[in-house]
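Taking it in order: structure first as structure tokens, then the write-up.
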Amino acid sequence: MPRKPARAVAPWVRTRLRTAPGATLAFGLLVLVTAFLAAALPRSVDAYETDGLRHAIDAAPAHRNAITLTTPSESAEQLTPPALRKARDEVTPLLPAPLRVNLADSAYGVRTTKRIQGLDPWLPQPDGLPTDLVLDARAGLAAHAAYTAGRAPGAGTGGGLEAAVTAKTAKALHLKVGSVVHVQGKDGAPKPITITGIVEPKDAGRPFWSVDTLLHTPLFSAKSVNGEVKWYWTASLIVAPESGPGLLRTLGEPEQYWRYAPATGHLTGQDTDRLAGALASATAGPDLVKLRQAIGENGAFATDLDDIVAEYTGLRDAIASVVAVAAFGVGAVAVVVLAMAGGLFTARRRAELSLLRSRGASLTGIGGRLLGETAVVTVPAGALGLLLAAWLTDAPGTRIWPACATAAAFALLATLLLPLRAVFLHRRPQLHGGREDVVTAKPSRRRTVAELTFLVLAAGAVTALRRRGTGDSGSVDYLVSAAPVLVALIAAFVLVRLYPLPLRWLARPARRLRGAVGYLSLARAGRASATGALPLLALLVALTTAAVGGAVLTGVADARDKAAHLATGADARVGNDLGSTPLPAGLAETVRGVAGVREVSPVQIEYGLELPSRRGSGDRGMGAPLVGVEPATYARLAARTGFGPFPADLLRSTGTGGPANVGNNARVIPAIASPAVADRLGARPMEITAAAGRFHVKVVAVRTVTPALPDKDFLLVNAADLVNRAPTALLVTGGGGTALDGAALRAAVAAKDPNSHVALAGEKRAAYVDSPMQTGAERLYLAAIAAGAGYAVLALLLSLLQVAPERATLLARLRTMGLTRGQGRRLLALEALPQALLAAVGGALVGWATILLLAPGIDLVRLALAGAPEEAVGLGAALKADGWSLGLPAAGVVLLAGGAALMQAWWAARRGSIKELRAGDAR
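Written as structure tokens, this is what we have:
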């Protein structure tokens, strides 16, 4: 009878885990954090994309996001309230998914498509033109308005109609309860419309009112009549729904309409393509056929939602491409740190695995046992990281399967790294005590081929990014997004190959120095372990990611600052609606006294100045504003904003200004002009006739922009040379030790001049953050920078842990030869310093070079200026190197490496040397 195999006294996995509980716990925590970050990334992107889609639709004006179905009115039976309601109930379920509507804010009824003239002479006729009227038999008025006078309109009697009007319409058209308005009927007879009530909208911003503002606010507009501009009124009368059939008797060509306010609470970021397809199908596709079956064969579907969705899609794709750069950087650092952790465990157990291999253990057996060890740690840690990410990032629209996929991928990688590395290293029996420094670890041909392959990939990625950009393809290009990682990878390969050479050169003269610490530290640093490539790669990628992330955030902030100053000209602008109206005397002094105001630059702007031409009277006319400034303060403002800086001496006063020089028309004053104005005036002095005086100007410099009028042509002169001086605006610069107090500034200006207003650059800047996708992407970049920095610290600590036993043994042996504790600390610090400096300086230089290489290909306009006007978007937004993101992480690496080395020396001295000097201990 065969004997059963003997049961193991101590199971392998349990024994190994109990042998090193601290290392096991640390590795599990690393996997947990990595799985959490990997799972949180796609869920965070889903969350801000969902918020962005909903915000894009909800924040759009009601006339753009409304869904309107219309059909011409053919019979009176179709215009009754029951028929219209029945048609609405039939057509609403036919709207294609994922379109849903909010019936509470929707409206339906009958309206005239052609404006009807009011026949009553008592209606206002400013220039002799009759008032135009729109008749709207809309259902649901009582739920959205409150009656301030009269009653609700009814069906009317004797062929007449009854209507209600808003208070604004009643005031503009001189209407009151009981007024009778007459319009032309189809039979030629006037049709009376009796005003039975005056209403006030409960919320004029709700879609019921805001889709068609004429419903609550009359329009005072102009049109050309025989070459003369004539003004007239247009207003809307809200007819009773029961009077809908009566609109057929007017000349208004009525139509039925069903107007829906879109519901967005169910939409997610993944519904974008479905929503675009549904809108296209309802506009001119199969779904339009279904809708026409309910409302009539001439029915039409109209909305601007398709344009809103297209704008959102463009913003989403542009932001996704930029975010992918950060995601690749952090992911690469995480992979390297996991590889370093696996390498550390493999190095610590090299002797054990070599012994097992020498006693006949198979590679499969060793790999299986190590796989079991790591799986017991990584699988629960990865699952816990996934659960934490799902809990902390729970938001509408977040999917679970991308998070599961990314967390499982990193957990699988962490599980396989240790077994695969061990199997690869022990595929052949290893000799005990072999050296692994850079002297013997010559680069193999395979490594050279791999490095050249990565070099080609990096060059191709950078070239593609510079040519195409991150958002040209409409989707994320993974090779382009990995360009910073590939550049850092190539830099790491180059630095690992080159850095021992200068250290060895320095070690030669160090031999002649007194003391062995300097020479020994340089010699050991020059013969550092070949495994130092992984820590260097991790640090370079982390520092490059931090540099690119800082450049993104700095570029976004700089673009918003420029766009805000483009709108205001300075930190604040004081003026009035009529740009050429002078400000009251003493206002500039009042503004200077407001807290936070550092400097005030008065400017005098005269619009509509007719310019002479060097080409003579045959040239076409051209006008441009004349801007009078104080050269000193205005030159400093131009330098701070970057809008056309110039030396103040260019506009040095000629001393010919003021009322005393009214008749001195021959005087010539210097001017700075925009390119078009400079081209028209030429190089010779030209005479200018303006309200500010009559004089000659000579263009002494050309600038494309200027703070006072950054988006217009201009002619800039010294205000002291003008005859009639009257500032029309104040350009305010803040930062005088305290923040500019906008409320105090507005209060001070209002107290001095109620007609003046204040525009703040800070408020303009805040308006450019228009979408949750922008804020979400910026928070994601900050998180990526923080995660990259954390992984860089881990990489540095892991590299120090890997050489810690060997350094402890070295210190113990050297102490037996007379090395003091202070010398031991200096030795370890000087040994760690070259590699730390290499990583810090190399990371800063690689980050700076990466920014220069990638800046032409990364467009940050949509991330920075999603809601900005066209002239602000024209400024562009590109990567901008930030000294803090380049220097601060690099300095942190050096300080951390030095501090860790000193701590290690202190700990080794505190423990003593007995353990490190045991006979037969192989280290």
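Residues 2 to 924, numbered by the working numbering, are exactly what the sequence shown covers, in order. Don't be surprised by glycine CBs; every beta carbon is placed ideally from N, CA and C.
- Taken in chain order, the complete alpha helix (DSSP H) segments of 4 or more residues contained in the stretch 813 to 875 are 822 to 855, 862 to 865, 871 to 874.
- Assignment of methionine 623 by DSSP, reduced to helix, strand and coil, places it in the coil class.
- Inclusion of proline 626 and tyrosine 608 in the CB contact set at 7 Å is warranted, their separation being smaller than that value.
- As summarised for the stretch 695 to 768, the continuous alpha helix (DSSP H) elements at least 4 residues long and confined to that stretch are 743 to 753, 762 to 768, given in chain order.
- Leucine 610 carries a strand assignment under DSSP once its states are collapsed to helix, strand and coil.
- DSSP places phenylalanine 302 inside the beta strand (DSSP E), whose first and last residues are 301 to 303.
- The beta-carbon distance between alanine 762 and alanine 565, rounded to whole angstroms, is 4 Å. This is short enough to meet the 8 Å contact definition.
- With respect to the C-alpha of leucine 70, the residue from Leu292, Thr655, Gly899, Ala892 having the closest C-alpha is Leu292.
- The residue among Gly151, Ala156, Leu220, Thr113 with its C-alpha nearest the C-alpha of aspartate 137 is Thr113.
- When C-beta atoms of the stretch 749 to 763 are compared with those of the stretch 649 to 662, fewer than three pairs fall below 8 Å, so the two segments do not count as touching.
- Taken through DSSP and simplified to helix, strand or coil, glycine 629 comes out as strand.
- In terms of CA proximity to glutamate 298, Gln257 leads the group Ala335, Gln257, Ala279.
- Here tyrosine 313 is buried: its Cβ has 16 or more other Cβ atoms, across all protein chains shown, within 10 Å.
- When the beta-carbon positions are compared, alanine 560 and alanine 878 come within less than 7 Å of each other.
- According to DSSP, residue pairing for glycine 151 in a beta bridge involves Gly198.
- By a beta-carbon distance limit of 8 Å, glycine 53 contacts proline 773. Their separation comes to about 5 Å.
- Under DSSP, methionine 687 shares a beta bridge with Val698.
- Under DSSP, the beta-bridge partners assigned to phenylalanine 221 are Trp234.
- For the set Thr269, Leu26, Pro536, the Cα lying nearest the Cα of leucine 802 is the one of Pro536.
- With respect to the C-alpha of arginine 86, the residue from Glu201, His427, Val463, Pro242 having the closest C-alpha is Pro242.
- The secondary-structure analysis by DSSP pairs glutamate 452 with nothing; it has no beta-bridge partner.
- If you look at asparagine 662, you'll find it isn't in any alpha helix (DSSP H); DSSP assigns it neither H nor E.
- A direct Cα-Cα distance of roughly 15 Å separates valine 549 from alanine 539.
- Alanine 164 and valine 240 do touch by the CB rule: their CB atoms are close to 5 Å apart, below 8 Å.
- Annotation note: the stretch 355 to 399 contains the following uninterrupted alpha helix (DSSP H) runs of length 4 or greater, listed N- to C-terminal: 364 to 393.
- The continuous stretches of beta strand (DSSP E) do not include isoleucine 401, and DSSP gives it neither H nor E.
- Within 10 angstroms of the beta-carbon of glutamate 832 lie 16 or more other beta-carbons, which makes it buried.
- Taking 7 Å as the cut-off, the Cβ atoms of isoleucine 58 and tyrosine 261 do not count as close.
- Contact between the stretch 854 to 868 and the stretch 877 to 896 is present, with at least three C-beta pairs closer than 8 Å.
- Judged by DSSP in its simplified three-state form, alanine 21 adopts coil rather than helix or strand.
- It is roughly 29 Å from the alpha-carbon of phenylalanine 455 to the alpha-carbon of tryptophan 885.
- In this chain, glycine 315 is not harboured by any beta strand (DSSP E); it is covered by the alpha helix (DSSP H) spanning 306 to 349.
- Secondary structure at alanine 785: helix, using DSSP grouped into helix, strand and coil.
- In this chain, the alpha helix (DSSP H) harbouring leucine 682 covers 676 to 682.
- Within the same chain, Gly629, Gly658, Ala693, Gly694 come within 6 Å of leucine 723 by CB-CB distance, once the 5 residues on both sides are set aside.
- In summary, tryptophan 123 is exposed, with fewer than 16 beta-carbon neighbours lying within 10 Å of its beta-carbon over all protein chains present.
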